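Asks: Chains as they are written, first to last, in this note's numbering: chain A, 5 to 285; chain B, 69 to 256.
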Amino acid sequence: MNSYYDDQNSRLLDIEIGLLLEGVYQKYGYDFREYSKAHVRRRVLSRLKISGIETVIGLLDRLLRDADFFRGFLNDLSINVTEMFRDPEFYRSFRENVIPKLRTYTFIKIWHAGCSTGEEVYSLAILLQEEGLLDRCQVYATDFNGKVLDIAREAVYQKSEIEQYEQNYRQAGGTRKLSDYYQSLYGSVMFKKELSARIVFADHNLVTDSVFAEVNLILCRNVLIYFEKDLQNKVLGLFHESLTPAGVLCLGSKESIRFSKYEDRFTAIDEKQRIFKKRLI
Amino acid sequence: MNYQAVVIGTSFGGLDALRTILPQLGESFPVPVIVVLHIGDRNIDSFISHLNGSCSLTVKEAEMNEPARPGFVYFAPPNYHLLIENNFCFSLSADEKLNFSRPSIDVLFESAAWVYKQALIGVILTGANSDGADGLKVVKQLGGTTLVQNPCTALAPVMPRFALTLARPDFRINLERVAPKLIELTSQ
Ligand SMILES: C[S@@+](CC[C@H](N)C(=O)[O-])C[C@H]1O[C@@H](n2cnc3c(N)ncnc32)[C@H](O)[C@@H]1O
């Protein structure tokens, strides 16, 4: 633990973090002021430790003056942990409950919000391909961290992860082999271009940017968990506005719209897998 | 001291240890009990319903935005870190594993320590890795009260041993004394 913030002046930590987030927002335009405080505190303390800075005010000083240092800090706060076919049961349910509905559309617009390095986007693209729907889709995949978007565009991933992804893919009800979709290159694999032809990766900040496009389906998984309740409400509002009537919203397996302001504006398609449908009125 | 919460961390052997401790806490136990149990990717629904059969407290998985309230035992959901926010509500995180663990005991204990400070009791039980020792140390540094199961009575002594060495807790007690101690502390 950081000895500067002992039990005598532990209150200072939250005060200083508040100032830090304010400063970062004013200088760089990234707004973390309504992110989960516990999450931010953990990241800030670990950044202090790694960089040998003693106080949060010292960290703020450095952040304000050093844009490269800020980019590292942005990575700290943005948690890009992801995987292919994360929560296989979700994809199973999606096949069963959402695909039949999508089939009735001639053209399908999809938005992955908080797509990180793209694993989720390619997972869904594979599923859509297997269902014969990918050609009819326009997929927007957005994140506020430019670095992860670059990786997502490349579609190159570590081979060491692939075994786990193969397993997830099978559990998710995949009908082929995951290796049908990528080429191996040395220690990594590259997903085939046919998957990405319909995908556009773009920078978008859920906190500070407005509606991105009108879409039939939104996936925003494991992003809202990092937000405080008011910000969750705000972003759910953004999604509600972006969806076509009866559009589908998929959240992470521990995220919920229950007790949110938008609870009444959606109905559950699969409550457990957090798949919801926008109500008509 | 007016305590406001108990946090418990355990891994190997934890199922049995919790089966011993939790049923002893009566329905009027005055503070929420928040548990990280390492259980891999398995879900804990069946363990939770088993405990509900034998506990007076209501046992459940902690949910995002849910307030931590007396009368409940909350478990971290498998594969997510569990944290406590300044408003005493839970938040979850899918960050990378810490000490090869998600949920991590350290993550829960540190976040709870910053929020509850002296009003927190931290408990480390049986387990086969070092998770929790750092977290317990933070609980202590921020004025909380710390308990570690006597390693001799633990199915796996590694976790309590690390916690003893690193955090130098206020109490080192045998498994069957843990619940009575928690009752004693919180009823003062
Ligand atoms: C844990 S990842 C989730 C990735 C993927 N959806 C999944 O579930 O595996 C969270 C992502 O949300 C992004 N993110 C966080 N805050 C954001 C914001 N305000 N706007 C856009 N993206 C954000 C992060 O950069 C990160 O890539």
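Every residue, glycine too, gets a C-beta built ideally from N, C-alpha and C.
All values derive from a computational prediction rather than experimental measurement.
Starting from Q171 (chain A) and walking both ways along the beta strand (DSSP E), at which residues does that stretch end?
Replies: Q171 (chain A) -> not in any beta strand (DSSP E); alpha helix (DSSP H) instead, spanning 163-175.
Asks: For chain B, is any of its Cβ atoms less than 7 Å away from the one on K238 (chain A)?
Replies: With 7 Å as the cut-off, K238 (chain A) does not count as an interface residue toward chain B.
Asks: Quick one, which residues of the stretch 225-249 of chain B are near chain A if we go by CB-CB under 9 Å, in chain order?
Replies: Within the stretch 225-249 of chain B, no residue has a Cβ that lies closer than 9 Å to any Cβ of chain A.
Asks: Measure from the C-beta of N167 (chain B) to each C-beta in chain A and report whether the shortest distance is under 7 Å.
Replies: N167 (chain B) does not count as touching chain A.
Asks: Compute every distance between the C-beta of R225 (chain A) and the non-hydrogen atoms of ligand 1, then say whether any falls below 6 Å.
Replies: Yes, the Cβ of R225 (chain A) comes within 6 Å of a heavy atom of ligand 1.
Asks: Does any C-beta atom of chain A lie closer than 7 Å to the C-beta of N111 (chain B)?
Replies: Not closer than 7 Å to any Cβ of chain A, the Cβ of N111 (chain B) fails to qualify, so no.
Asks: Can you find the residues in the same chain that come closer than 7 Å, C-beta to C-beta, to V215 (chain A), ignoring five residues on each side of it along the sequence?
Replies: Contacts found: L242, E245, S246.
Asks: Can you check the stretch 197-260 of chain A for any beta strand (DSSP E) of at least 3 residues that lies completely inside it and give the ranges in chain order?
Replies: DSSP runs (the beta strand (DSSP E)) wholly in the stretch 197-260 of chain A: 203-207, 219-224, 247-255.
Asks: Against chain B, does D11 (chain A) count as a neighbour if the rule is that its beta carbon must be under 7 Å from one of theirs?
Replies: So yes, D11 (chain A) belongs to the interface.
Asks: Quick one: using the 10 Å Cβ neighbour count with 16 as the cut-off for buried, is Y190 (chain A) buried or exposed?
Replies: Flag for Y190 (chain A) reads exposed.
Asks: Taking 6 Å as the cut-off, is the beta-carbon of F148 (chain A) closer than that to any non-hydrogen atom of ligand 1?
Replies: F148 (chain A) Cβ: within cutoff of ligand 1.
Asks: Can you list, in chain order, the residues of the stretch 27-48 of chain A whose Cβ is nearer than 8 Å to any Cβ on chain B?
Replies: Listed by position, the residues of the stretch 27-48 of chain A near chain B (Cβ gap below 8 Å) are S40, K41, A42, H43, R45, R46.
Asks: What residue range is occupied by the uninterrupted beta strand (DSSP E) comprising G77 (chain B)?
Replies: Its beta strand (DSSP E) spans residues 73-78.
Asks: When burial is assigned at 16 or more other CB atoms within 10 Å of the CB, is E124 (chain A) buried or exposed?
Replies: E124 (chain A) is buried by the Cβ-count criterion.
Asks: Could you tell me how far apart the beta carbons of A224 (chain B) and L176 (chain B) are, in whole angstroms, since I believe they sit closer than 8 Å?
Replies: Not quite, the Cβ-Cβ distance comes to about 19 Å (not below 8 Å), so this is no contact.
Asks: Is G118 (chain A) near ligand 1, judged by its Cβ being under 6 Å from some heavy atom?
Replies: G118 (chain A) Cβ: within cutoff of ligand 1.
Asks: Is the CB of E164 (chain B) under 7 Å away from at least one CB in chain A?
Replies: By this cut-off, E164 (chain B) is an interface position.
Asks: So what's C141 (chain A) in DSSP terms, helix, strand or just coil?
Replies: Strand, per DSSP.
Asks: For S120 (chain A), which residues from the same chain have a beta carbon less than 7 Å from its beta carbon, with the 5 sequence-adjacent residues on both sides left out?
Replies: If we look at S120 (chain A) and ignore the five residues flanking it on each side, its Cβ neighbours are N84, T86, D147, V152.
Asks: Under 6 Å from any heavy atom of ligand 1, does the C-beta of T86 (chain A) make it?
Replies: T86 (chain A): yes, Cβ under 6 Å from ligand 1.
Asks: Please say whether P100 (chain B) and A136 (chain B) have beta carbons closer to each other than 7 Å?
Replies: Against a cut-off of 7 Å, the Cβ pair of P100 (chain B) and A136 (chain B) comes out as a contact.
Asks: Step through the CB atoms of chain B and report whether any lies within less than 7 Å of the CB of I229 (chain A).
Replies: For I229 (chain A), the answer is yes, since a Cβ of chain B falls inside 7 Å of its Cβ.
Asks: Quick one: using the 10 Å Cβ neighbour count with 16 as the cut-off for buried, is I19 (chain A) buried or exposed?
Replies: The residue in question, I19 (chain A), is exposed, as its Cβ has fewer than 16 Cβ neighbours within 10 Å.
Asks: Going straight from the alpha carbon of F98 (chain A) to that of I273 (chain A), what length do you get?
Replies: Distance between the alpha carbons of F98 (chain A) and I273 (chain A): 10 Å.
Asks: Determine the burial state of Q256 (chain B): buried for a count of at least 16 other Cβ atoms within 10 Å of its Cβ, exposed for fewer.
Replies: Exposed is the call here.
Asks: If you draw a straight line from the alpha carbon of A187 (chain B) to that of A180 (chain B), how long is it in whole angstroms?
Replies: The alpha-carbon atoms of A187 (chain B) and A180 (chain B) are separated by roughly 10 Å.
Asks: Would you please state the rounded distance, in angstroms, between the beta carbons of K205 (chain B) and L234 (chain B)? I believe it to be under 8 Å.
Replies: Between L234 (chain B) and K205 (chain B) the Cβ distance is about 5 Å, and since that is below 8 Å, they are a contact.
Asks: Less than 7 Å between CB atoms is the rule here; does G211 (chain B) satisfy it with respect to chain A?
Replies: Interface residue, yes.
Asks: Could you tell me the distance, in whole angstroms, from the CA atom of R51 (chain A) to the CA atom of D35 (chain A)?
Replies: For R51 (chain A) and D35 (chain A), the distance between alpha carbons rounds to 18 Å.
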